[in-house]
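Student: This note's numbering numbers the first residue of the sequence shown as 43 and each following residue consecutively. Ideal Cβ positions, reconstructed from N, Cα and C, are used throughout, including at glycine. All values derive from a computational prediction rather than experimental measurement.
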Amino acid sequence: MILGFITLILCQLAGDIVAGYFGIPVPGAVFGIVFVFIFLLIRGAVPKSLKKTSSSLLDYLALFYVPAGVGLMRYLDLLKKEWLIVLLALLLSSAITVAVTSVIMQKLIGVKSGD
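#1: Is it true that the stretch 117-132 meets the stretch 70-85, where meeting means three or more beta-carbon pairs spaced less than 8 Å apart?
#2: Quick check on Val88: does DSSP put it in helix, strand or coil?
#3: Helix, strand or coil: which one does DSSP assign to Pro69?
#4: Counting along the chain, where does the alpha helix (DSSP H) carrying Phe64 start and finish?
#5: Look at the alpha carbon of Phe106 and the alpha carbon of Val145, and state the distance between them as a whole number of angstroms.
#6: Does the Cβ-Cβ distance between Gly57 and Ala71 come in under 8 Å?
#7: With a threshold of 7 Å on Cβ separation, who are the neighbours of Lys149 within its own chain once the five nearest residues in sequence on each side are excluded?
#8: With distances taken Cα to Cα, identify the nearest neighbour of Gly46 among Val88, Ile80, Tyr63, Gly62.
#9: Which term fits Leu50, buried or exposed, when burial requires 16 or more other beta carbons within 10 angstroms of its beta carbon?
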């Protein structure tokens, strides 16, 4: 389990380094997730230690939303001023996500069924 946790932390750290070095306005955690994905692709399977670690972390997933909730409370005045823009951004990004996901799924299902 320690090895799996170290793997996740190293991927997160690498993501933070990449985001900081190149000045890309994307959280390092996003790059970290990409690095975990690449690691799993190269490896071909999920290592047992990583599987055990991720299962344990998923048990406490709700706690990871606490910082986001605190951030919302911290910027509540700004959200009151800009609520319409935030709402439109949420609706638009959700619609785009649904559309892209449906197109990808149609292509994947078509590939699997031989169409």
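Tutor: The answer reads as follows:
#1: no
#2: coil
#3: coil
#4: 44-64
#5: 30 Å
#6: yes
#7: none
#8: Val88
#9: buried
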